[in-house]
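Just so we're aligned: 152 in our numbering is position 148 of the sequence shown, and the numbers increase by one with no gaps anywhere. Glycine included, C-beta positions come from ideal geometry on N, C-alpha and C. Small disclaimer: the values here were computed from a predicted structure and weren't measured. Structure first, then comments.
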Amino acid sequence: MIALDRELVQRFAPAPQRPALTALFTIERDVLDTLRPGLEHTVSHAKLGWWAEELERLVMASPRHPTTIALANSAREAARSAPDLRPLAEHASVALACVAFVSREELDLHLRHWSASVFRELVVSGAALAGIPSADAERFAERAGAAVREIELLFDFESHAWAGRVYTPLEPEHASLWTARPLAIAQRERLNARLRQLDAALESAVTEIPARTRAALTGGIVWARLAQRTAGLALQRSELRGELGRTEPLRRTIRAWRVAVRALQGAA
């Protein structure tokens with residue numbers, strides 16, 4: 005689902021933006037690959053450490069990897085500074101450490117690290133290519149990005165929890181309640197309530213985008229609407245284990261196309 009959504013975001017984003025998105029999503033994939041099950045821990049840390057240094061070099065305009073070079077070149081062609089994706093490495097580092105989030109604020113910070121890098125770059129670069137002020141893009145990224153990422157993680161909550169990454173605030177003495185398979189009714193209802201909150205937050209974030217900027221932000225709007233669909237699917241299932249039905253790829257493609265058409269028309 006995660007890979008499919010990024011493919012659809014890229015496919016329906018404005019054409020001038022797509023080459024940069026290829027690089028952006030490749031970088032994200034390689035950084036988050038450090039969390040792959042079965043990858044030896046020292047290898048994960050070494051790979052993540054290299055990427056953290058490379059994202060620092062990207063900010064300093066001296067990247068070495070082909071994808072970071074491509075992203076820097078795309079930014080330069082649009083008369084922009086190279087994007088700051090360093091928070092993405094921090095997002096992966098916390099996930100790799102399997103840190104417990106004991107407050108909503110700690111979990112929100114973790115989610116914002118992803119949003120401030122990947123999602124923000126998506127919408128801000130779209131605004132820059134369209135030649136529109138970045139304020140609307142920044143506002144949309146701030147309101148929608150963390151919610152998109154949280155829905156992705158909650159959709160596969162049980163698998164993440166089994167690996168030691170529990171994406172809900174918890175008291176350490178109750179941690180075992182969140183690693184059970186399947187989750188107990190009380191825990192599942194708590195996550196369902198959160199999914200409904202996130203769906204409502206994305207609905208508000210999308211509908212309040214000014215019509216004049218919707219076309220430029222098509223990629224981000226598509227992603228937000230796909231996340232809303234993901235939340236709906238999660239609410240329908242008895243388990244949160246990241247599985248999609250056989251027809252879901254087609255359904256998501258149709259949804260992405262419809263959302264993109266409406267965005268290009270300036271509609272919500």
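Limits of the unbroken alpha helix (DSSP H) element including residue i
{"i": "Q201", "result": "I189 to T211"}
{"i": "W166", "result": "F161 to W166"}
{"i": "V170", "result": "Run containing V170: none; DSSP gives neither H nor E here."}
{"i": "Q269", "result": "Counting along the chain, Q269 falls outside any alpha helix (DSSP H), and DSSP gives it neither H nor E."}
{"i": "V122", "result": "No alpha helix (DSSP H) holds V122; DSSP gives it neither H nor E."}
{"i": "Q21", "result": "Neither: Q21 is in no alpha helix (DSSP H) and is coded neither H nor E."}
{"i": "A231", "result": "T222 to Q240"}
{"i": "L8", "result": "I6 to F16"}
{"i": "R80", "result": "P70 to E81"}
DSSP state of residue i mapped onto helix, strand, coil
{"i": "I136", "result": "coil"}
{"i": "A104", "result": "coil"}
{"i": "G53", "result": "helix"}
{"i": "G130", "result": "helix"}
{"i": "D34", "result": "helix"}
{"i": "T251", "result": "coil"}
{"i": "P67", "result": "coil"}
{"i": "E243", "result": "coil"}
{"i": "A93", "result": "helix"}
{"i": "G42", "result": "coil"}
{"i": "T183", "result": "coil"}
{"i": "S85", "result": "coil"}
{"i": "R218", "result": "coil"}
Same chain, Cβ closer than 8 angstroms to residue i, five either side skipped, listed in chain order
{"i": "G130", "result": "A17, P18, Q21, A141, A220, L221, T222, G223 and G224"}
{"i": "R116", "result": "P91, G149 and A150"}
{"i": "I213", "result": "D140, F144, L221, I225 and A272"}
Residues near residue i in its chain [Cβ-Cβ closer than 6 angstroms; skip 5 each side]
{"i": "M5", "result": "L248"}
{"i": "R84", "result": "A132"}
{"i": "L89", "result": "L59 and S121"}
{"i": "A1", "result": "The structure shown does not extend to residue 1, since the chain is modelled only from 5 to 272, so the question has no answer here."}
{"i": "W118", "result": "H95 and R153"}
{"i": "T234", "result": "I155 and F159"}
{"i": "S138", "result": "V128 and A131"}
Candidates the options, of which the one nearest residue i by Cα
{"i": "V122", "options": "E146, W166, W261 and R216", "result": "E146"}
{"i": "Y171", "options": "L202, V127, F105 and A150", "result": "F105"}
{"i": "E156", "options": "L39, G135, Q232 and I189", "result": "Q232"}
{"i": "V265", "options": "R218, A27, A165 and L8", "result": "R218"}
{"i": "D9", "options": "E193, R153 and R185", "result": "R153"}
{"i": "L4", "options": "L126, L100 and P186", "result": "There is no way to answer for residue 4, as the model of the chain reaches only from 5 to 272."}
{"i": "E32", "options": "T72, P186, H49 and G42", "result": "T72"}
{"i": "H178", "options": "H114, P186 and Q191", "result": "Q191"}
{"i": "L174", "options": "L25, L36, E110 and S78", "result": "E110"}
{"i": "I136", "options": "S66, R169, A215 and L254", "result": "A215"}
{"i": "L237", "options": "A267, R200, L28 and A50", "result": "R200"}
{"i": "V35", "options": "R250, T251, A86 and A56", "result": "A56"}
{"i": "V63", "options": "P87, E193 and H49", "result": "P87"}
{"i": "E81", "options": "A134, L202 and V98", "result": "A134"}
The ligand COA heavy atom lying under 7 angstroms from the CB of residue i
{"i": "F159", "result": "With respect to small molecules bound, the structure shown includes none, and the ligand COA cannot be examined in it."}
Neighbourhood of residue i by C-beta distance below 7 angstroms, restricted to the same chain and skipping five residues each side
{"i": "R124", "result": "A145 and G149"}
{"i": "L12", "result": "V226, L230, R256, T257 and A260"}
{"i": "A188", "result": "L181"}
{"i": "A228", "result": "A148, V152, L206, A209 and V210"}
{"i": "A24", "result": "L75, S78 and S129"}
{"i": "L268", "result": "A219 and T222"}
{"i": "F161", "result": "Y171, L195 and L244"}
Contact with chain C by residue i, beta-carbon distance below 8 angstroms
{"i": "S138", "result": "Reference to chain C is not applicable here, since this structure consists of a single protein chain."}
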